[in-house]
Structure formats: C-alpha cells, structure tokens
Amino acid sequence: MCLTSLYFTRFSCDQGASSLQSFPSVGMDHLMCSLSEKGLSVDVISSVLRDVEDSSVKKYQSYWARFASWCHDGEIGSGNLSVNSLCKFYIFLFETGLSASTLKFARCSISFFLRESHGDIVDHSHVSRLMKSFEKIRPTVPRYVVTWDVKKV
289 MCLTSLYFTR
299 FSCDQGASSL
309 QSFPSVGMDH
319 LMCSLSEKGL
329 SVDVISSVLR
339 DVEDSSVKKY
349 QSYWARFASW
359 CHDGEIGSGN
369 LSVNSLCKFY
379 IFLFETGLSA
389 STLKFARCSI
399 SFFLRESHGD
409 IVDHSHVSRL
419 MKSFEKIRPT
429 VPRYVVTWDV
439 KKV
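The opening residue of the sequence shown carries number 289 in my numbering; numbering runs sequentially from there.
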C-alpha cells in the first residue's frame with residue numbers, strides 16, 4: 289500500500305477552522321484540506337494525487353515541517369501568509385548556508401503543499417526574483433572541476 293493511499297485513511301479537515309489557524313505540521317494535511325475546501329471529495333483528491341510519488345512527498349515534507357515550525361514561531365497562519373513572509377522564510381533558509389539549488393528545491397517543496405491555497409503567493413514574481421538573487425549571491429558550484437575537450441574523445 290502506498291503512502292498516499294494510507295494517508296487517506298486518516299484524513300480529516302475541520303471545515304469550520306479559523307482562517308488564522310496555524311499550518312499543520314504535515315504538508316499533506318494542508319494540501320488535502322485545501323482541495324477539500326474547493327469542494328473535492330476524498331475520492332477525487334485520492335485520484336488527483338495518485339501520480340505523486342511517496343518518495344517525493346517524504347522529501348517535500350522535510351521542508352514543509354521547517355516552514356510550518358517557522359510560521360508557528362512567527363505567528364503566521366494560513367490566513368495571514370504573505371509574499372513578504374514567504375520571502376522571509378526563504379531568506380531564513382539562505383542565511384543557514386543552503387545553496388541556491390537547495391533553496392529551489394525547498395521552494396518546490398513548499399509550493400507543492402501551498403499551491404492550492406496560496407497559489408498567488410508561491411508563484412509571485414518577488415519570490416522568483418529572490419531565488420534569482422540567491423543564485424547570484426551564492427552561485428551553484430560545478431560538480432566537476434576538471435573538464436576535457438569532448439572533440440578529442
């Protein structure tokens with residue numbers, strides 16, 4: 289049984305929750321509640337998410353947990369998340385020494401869970417510009433230092 293199928297056996301969403309409630313520690317909880325609030329049934333949600341690999345969800349969850357914890361500490365909830373606060377989170381990660389490519393993965397991870405509820409924020413041009421600035425400040429180092437002329441091979 290895949291992780292996603294197992295997950296649906298414990299899914300519940302409080303439809304009457306406050307818009308300022310904090311983000312859940314499990315990203316799939318937030319994603320599924322977002323889809324449910326758009327009127328999708330558990331069966332439809334299950335079908336929509338069937339193509340997502342369990343290993344991907346596990347990797348994404350590590351950055352979601354950091355994001356949810358950071359939001360909790362800063363008293364940021366689903367109702368008051370802004371472009372500014374999301375950018376501050378990415379700056380927080382950047383200041384811990386993460387590379388630009390790792391930050392891009394962190395962005396993809398957070399976006400996976402937030403896209404349904406906060407698509408306008410995760411896709412905002414300021415977030416994209418911030419990621420580009422990280423690449424300029426701390427460029428990705430080539431994996432191989434030595435190269436060779438492929439025409440000679």
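Beta carbons: idealized from backbone N, C-alpha and C, even for Gly.
Quick caveat: nothing in here was measured; it's all calculated off a predicted structure.
Go through its chain and collect everything with a Cβ distance to residue i's Cβ below 8 Å, but skip five positions before and after it.
i          : result
valine 415 : Val371, Leu374, Cys375, Tyr378, Arg395 and Ile409
In chain order, what residues of the same chain lie with their CB nearer than 7 Å to the CB of residue i, ignoring the 5 residues before and after it?
i              : result
serine 387     : Arg426 and Thr428
tryptophan 352 : Gly315, Ser397, Ile398 and Phe401
Helix, strand or coil for residue i? Go by DSSP, reduced to three states.
i            : result
serine 405   : helix
arginine 426 : coil
State the Cα-Cα distance for the pair residue i and residue j, rounded to the nearest angstrom.
i              : j             : result
lysine 347     : leucine 328   : 25 Å
alanine 305    : cysteine 321  : For alanine 305, the predicted structure reports a pLDDT of 45, less than 50, and the residue's modelled location is therefore unreliable. A value from the coordinates is still provided. Going from the Cα of alanine 305 to the Cα of cysteine 321 covers about 10 Å.
serine 335     : lysine 326    : 15 Å
histidine 412  : glycine 385   : 24 Å
aspartate 339  : glutamate 404 : 17 Å
histidine 318  : valine 433    : 42 Å
methionine 289 : aspartate 342 : Annotation note: pLDDT 35 at methionine 289 (below 50); position unreliable, coordinate value reported separately. The straight-line gap from Cα to Cα measures roughly 11 Å.
valine 345     : valine 314    : 10 Å
With a CB to CB cut of under 6 Å and the five nearest residues on each side skipped, what residues in its chain are close to residue i?
i            : result
cysteine 359 : Phe311
Please give the ranges of any alpha helix (DSSP H) in the segment 305 to 351, keeping only runs that are unbroken, at least 4 residues long and fully inside the region. Listed in chain order, they are 315 to 325 and 330 to 336.
* To do: Could you tell me which uninterrupted beta strand (DSSP E) segments, each at least 3 residues in length, are contained entirely in the segment 356 to 391, listed from first to last along the chain?
  => none
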